[in-house]
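Undergrad: Mapping to this note's numbering: the sequence shown position 376 is 557, numbers consecutive.
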Amino acid sequence: MIRIKAGAPRRAGRARTDSRGPGRRGLPAWLRTGTRRPLRRVLSLGLPTAWGTAAVSYKLACPLAQQDGFCARAVTSAVFFAVGAGLILHVRHSLLRELRQAREVASAAQSVLLRPLPPRIDGLDVAAAQLSADRGAAIGGDLYEVAATEHGVRVVMGDVRGHGLAGIATAAAVLGCFREAAHDEARLDGVLRRLERALARHLRERARAEHPSVGPEPDNPVAEEFVTVLLLEIGRDGEVHALNCGHPWPYLLSGTRVEPLARADPLPPLGPFPLPPELSPVACGRLLPGEAVVLHTDGAEDARDADGRFFSLADALSEAVHDRPVVVPQVVLGSVFTALLHHTRGAPTDDVALLVLRNGRSGRRPSAVRAATAHPQRTTH
Numbered sequence: 182m183i184r185i186k187a188g189a190p191r192r193a194g195r196a197r198t199d200s201r202g203p204g205r206r207g208l209p210a211w212l213r214t215g216t217r218r219p220l221r222r223v224l225s226l227g228l229p230t231a232w233g234t235a236a237v238s239y240k241l242a243c244p245l246a247q248q249d250g251f252c253a254r255a256v257t258s259a260v261f262f263a264v265g266a267g268l269i270l271h272v273r274h275s276l277l278r279e280l281r282q283a284r285e286v287a288s289a290a291q292s293v294l295l296r297p298l299p300p301r302i303d304g305l306d307v308a309a310a311q312l313s314a315d316r317g318a319a320i321g322g323d324l325y326e327v328a329a330t331e332h333g334v335r336v337v338m339g340d341v342r343g344h345g346l347a348g349i350a351t352a353a354a355v356l357g358c359f360r361e362a363a364h365d366e367a368r369l370d371g372v373l374r375r376l377e378r379a380l381a382r383h384l385r386e387r388a389r390a391e392h393p394s395v396g397p398e399p400d401n402p403v404a405e406e407f408v409t410v411l412l413l414e415i416g417r418d419g420e421v422h423a424l425n426c427g428h429p430w431p432y433l434l435s436g437t438r439v440e441p442l443a444r445a446d447p448l449p450p451l452g453p454f455p456l457p458p459e460l461s462p463v464a465c466g467r468l469l470p471g472e473a474v475v476l477h478t479d480g481a482e483d484a485r486d487a488d489g490r491f492f493s494l495a496d497a498l499s500e501a502v503h504d505r506p507v508v509v510p511q512v513v514l515g516s517v518f519t520a521l522l523h524h525t526r527g528a529p530t531d532d533v534a535l536l537v538l539r540n541g542r543s544g545r546r547p548s549a550v551r552a553a554t555a556h557p558q559r560t561t562h
């Protein structure tokens with residue numbers, strides 16, 4: 182994940198000044214900063230000017246440049262080649278510096294949007310990672326968040342149609358709404374309806390910005406845009422409830438077994454169709470101590486190799502927990518992503534996000550409890 186190194190805090194008050202002299206050190210900090218940019222511009226133009234002046238001076242003033250012999254022409258060509266190479270290297274250095282600064286700003290913005298999750302939230306061990314299909318981007322159209330609320334731990338996993346800047350903006354709208362609604366809404370269906378309204382509002386605003394000639398209210402702004410969303414609510418007793426709008430169901434890791442958390446038919450994705458008047462969260466049973474759920478986007482199961490074969494996420498998860506008495510979320514992530522990159526030869530065509538939640542509370546081993554009781558989430562709705 183992206184980490185931002187914070188700088189040392191500064192003491193509030195007046196700008197620091199240096200009384201050692203009337204030079205630049207004696208100026209306030211804000212004035213010293215303001216003089217750096219013009220100075221950098223002068224310095225950036227100084228090197229090309231010096232190279233050009235040297236080339237013109239050689240051509241006009243050097244007697245060797247006026248001769249027509251082979252040696253004279255070779256020296257002249259070498260001088261102008263050196264001047265051209267110097268200018269090209271200078272331009273390249275300037276472009277790389279600007280690119281590095283732009284990437285730093287983009288990394289900071291991306292980490293604010295898809296911020297790193299803490300390793301433990303209200304008794305759950307958490308690990309998450311995302312792989313963007315866009316080169317140079319740390320995030321794409323996938324989104325996830327975990328929030329500890331008074332109603333239990335609430336989780337969202339989503340996938341925006343497509344990827345790129347438009348997908349990132351839509352993901353930001355959905356995540357921003359979830360971070361508020363997860364704490365405000367007492368019921369899980371209330372959170373989902375808030376997400377639906379936030380998405381519709383965002384798409385209307387984007388449609389007005391992209392097509393200002395259609396008027397203040399464009400027709401069908403969400404006709405071709407949608408977001409798959411999975412909401413989970415994990416109570417303190419381990420009870421899991423879910424609302425699924427077109428998203429793949431998570432996998433349950435119980436010991437060395439890997440099976441779907443639920444098999445109910447999901448609702449349509451958010452965007453093209455309104456939510457039904459009645460929303461009933463799916464009861465997925467209990468997440469016992471030591472068990473884990475793995476949330477993922479469809480990019481994980483839709484990834485193909487050179488022969489067109491799909492990646493088997495269930496097999497990768499089985500391999501990750503094979504011969505391991507305890508499920509370690511970080512190990513599961515590392516194993517799955519390694520297998521995925523090997524399957525696609527390091528070039529996935531879609532964004533991939535994985536989120537692992539393990540019940541870290543103390544209790545009986547899940548194998549003993551599973552042998553004594555049937556898990557209600559296995560029923561088909």
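The C-beta atom is built at its ideal place from N, Cα and C for all residues, glycine as well.
By DSSP's criteria, F454 is part of a beta bridge. Which residues make up the other side?
TA: L451
Undergrad: Run through DSSP, which three-state label would T409 get?
TA: strand
Undergrad: Which runs of the beta strand (DSSP E) fall wholly inside the segment 330-382 and span at least 3 residues, in chain order?
TA: 333-341
Undergrad: When you compare each of L413, A328, V334, R490 to V463 by their alpha carbons, which one comes out closest?
TA: L413
Undergrad: In whole angstroms, give me the CA-to-CA distance for E391 and L494.
TA: 38 Å
Undergrad: My understanding is that L356 touches E326, with C-beta atoms under 8 Å, so please give their C-beta distance in whole angstroms.
TA: 6 Å
Undergrad: My understanding is that V502 touches G466, with C-beta atoms under 8 Å, so please give their C-beta distance in whole angstroms.
TA: So it is not a contact: roughly 19 Å between Cβ atoms.
Undergrad: Classify G466 as helix, strand or coil using the three-state DSSP reduction.
TA: strand
Undergrad: Using three-state DSSP, classify A528 as helix, strand or coil.
TA: coil
Undergrad: Considering only the beta carbon of each residue, do F407 and P450 sit closer than 8 Å?
TA: yes
Undergrad: Which same chain residues end up closer than 8 Å to V512 when comparing Cβ atoms and leaving out the 5 residues on each side of it in sequence?
TA: Excluding residues within five positions, the ones whose Cβ falls inside 8 Å are A501, R505.
Undergrad: Per the DSSP calculation, R301 is bridged to which residue(s)?
TA: D306
Undergrad: Give me the Cα-Cα distance between L498 and L277, rounded to the nearest whole angstrom.
TA: 40 Å
Undergrad: Can you grab the Cα-Cα spacing for the pair P592 / V256, in whole Å?
TA: No answer is possible for residue 592: it lies beyond the span of the chain, which begins at 182 and ends at 562.
Undergrad: Indicate the three-state DSSP secondary structure (helix, strand or coil) for H523 in the structure shown.
TA: Here H523 sits in helix by DSSP.
Undergrad: For F518, name the three-state secondary structure that DSSP assigns.
TA: helix
Undergrad: Which one of N540, E405, T519, L424 has the shortest CA to CA distance from A481?
TA: T519
Undergrad: Between C243, A445, G527, which lies nearest to S461 when the distance is taken from Cα to Cα?
TA: For S461, the closest of C243, A445, G527 by C-alpha to C-alpha distance is A445.
Undergrad: Could you have a look at E459 and say whether DSSP puts it in helix, strand or coil?
TA: Looking at E459 - three-state DSSP - the assignment turns out to be coil, as it is neither helix nor strand.
Undergrad: Quick one: what's H422 bridged to in DSSP?
TA: E414, A464
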